[in-house]
Amino acid sequence: MARRVSPRLLLGVVILIIVICAVAGYYVYETYFKPPVIKEVKIGVVLPLTGPASKEGWIARRGIELAVEHINRKGGVKSLGGAKIVLIFADSQGKPEVGMAEAERLITVEKVHALTGCYQSAVTLPVAGVAEKYKMPFMVADAISDAITEQGYKYVFRVHGKASWYGRDAVRFIVDMNKKYGTNFKTIGLVYEDDEFGKSSAEGFKKYLKELAPEYEIVFEEPYPLTIADLTPLVTKLKAANPDIVVHVAYVSDAILFMKALKVSGWYPKAYLGLGAAGQSHWDYIKSLGKDVEYVFTQTEWQPDLLLSKKLARFKWVNDEYKAKYGEDMVGIAADCYTSTWILYYAIEKAGSVDPDKIRDALASIVLELPSEEIPVILPYPKIDLTRPDGQNPYTAICVAQILEGKFRIVWPVEYATVEAVWPAPSWGERSS
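Numbering of the sequence shown is given in my numbering, commencing with residue 1 and proceeding in unit increments.
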């Protein structure tokens, strides 16, 4: 006669089997199926940290670093359990081939989850191709060539404006100034450095001059290499052409060279405008040349004057922290890069993943009404929309500042202007020393 098994013993065996299965299942899950804990999100940054555009490159870096400092201080990527954003920088040296190689290294060796950069359009354009090849989301940071977002790429996005829009708004500014002040300055000298940034900006200006102001005439046009050491010969020819207005596309180094040559020549146009929000819109330009750059006009997407508006006053703390950290106010480059970095973070937050395809899809879905309490967009944009097939935000704003008493003061358009422009500019002889 078989012994009867105790119900308690049977229950114990069943419980033991359940525990063993649970432990085994937990081990298998932890070992083979549990998603890895994401502690950091790596963003690769390609910038010209050495070379002729290094001053601009470091300003861009400051804007990106400040944004990441603010993001991490706020708690990092919350959808990833508070993962911190880590920046991995690479120096393009201002050379397209170096920028491409560094972008590839960041993707294949450093294993970054997204890319940003590269300030210079000549570097950004080929790097965009690298990003597309590896299906790596790429947030353009302050490069404006139209071509960057016109290649049919799916992984390339840009928050700020493009070159042809700068050209369009430069024409609008000149026409508005002539109308407002009753002047008839219609001859133009167009000067630009001959890389992708300079050429695309100049082409945009010429296109819209023909469309919007066909009665205006370009009486002098000349490109020059970024590495040029002396612009005196060019300025001599420009002076001989004697245009009413000079429109100049430059980085800081060549903008300084140009103004030095202009001072030596003894000639000054009725108005001098920096096109493309570049060399003439930086504090180093004022620091290097002092009073000689009084009355210069420069396009810009951001200057401290904008904080006087009700819409952007709430973000004064951003510029305050930047100034405390770096000893000067933000300029357009820093503001553009700060904003672009926040938007890239916003996409990562929405994606809840470091998978490049998911980040890319999140970027392509962004529609952000401004101002936003969630994202400190300090640019005077009404909206950011990256849903277009080209990844270009169409809702940008380009202002013109004039250097007055050593500061950048917004003079155009009227909705952002804080002071009246000095138009025309006084000649060298009419200025106080």
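Here a beta-carbon is modelled for each residue, glycine too, at the ideal position from N, C-alpha and C.
Query	Result
Checking 9 Å against the spacing of the C-beta atoms, do residue 304 and residue 330 come in under that value?	yes
Which of the three DSSP states, helix, strand or coil, is assigned to residue 421?	coil
Just to confirm, are residue 266 and residue 249 a CB contact at a threshold of 9 Å?	no
Once the 5 residues before and after residue 157 are set aside, which same chain residues still bring their CB inside 6 Å of it?	139, 363, 386, 391
Could you tell me the distance, in whole angstroms, from the CA atom of residue 380 to the CA atom of residue 312?	7 Å
Taking all protein chains shown into account, do 16 or more other C-beta atoms lie within 10 angstroms of the C-beta of residue 102, making it buried, or fewer, making it exposed?	buried
Look at the alpha carbon of residue 297 and the alpha carbon of residue 432, and state the distance between them as a whole number of angstroms.	19 Å
Per the DSSP calculation, residue 267 is bridged to which residue(s)?	DSSP output for residue 267 lists no bridge partner at all.
For residue 307 and residue 413, I'd like the C-alpha separation in whole angstroms.	15 Å
Please classify residue 314 as buried or exposed, where buried requires at least 16 other C-beta atoms within 10 Å of its C-beta.	exposed
Rank 332, 426, 301, 430 by C-alpha distance to the C-alpha of residue 437 and give the top, closest one.	Since the first residue shown for the chain is 1 and the last is 433, residue 437 is missing from the structure and cannot be characterised.
Out of 111, 204, 320, 118, which one is the CA nearest neighbour of residue 436?	With the chain covering only 1 through 433, there is no way to say anything about residue 436.
Alpha carbon to alpha carbon, what distance is there between residue 135 and residue 112?	12 Å
Around the C-beta of residue 161, are 16 or more other C-beta atoms found within 10 angstroms, so that it is buried, or is it exposed?	buried
Compare the beta carbon distance of residue 223 and residue 203 with 9 Å and say whether it is the shorter of the two.	no
The alpha helix (DSSP H) spanning residue 116 covers which residue range?	Premise fails: residue 116 lies in the beta strand (DSSP E), 114-118, not in any alpha helix (DSSP H).
Keeping to the same chain, check which residues put their C-beta closer than 6 Å to that of residue 177; ignore five residues upstream and five downstream.	423
Are residue 94 and residue 84 closer than 9 Å when you measure CB to CB?	no
Please go through the region 38-125 and give each complete alpha helix (DSSP H) segment of 4 or more residues, from N-terminal end onward.	54-73, 96-108
Can the beta-carbon of residue 142 be found less than 9 Å from the beta-carbon of residue 336?	yes
Determine the direct distance from the alpha carbon of residue 60 to that of residue 245, and round the result to whole angstroms.	30 Å
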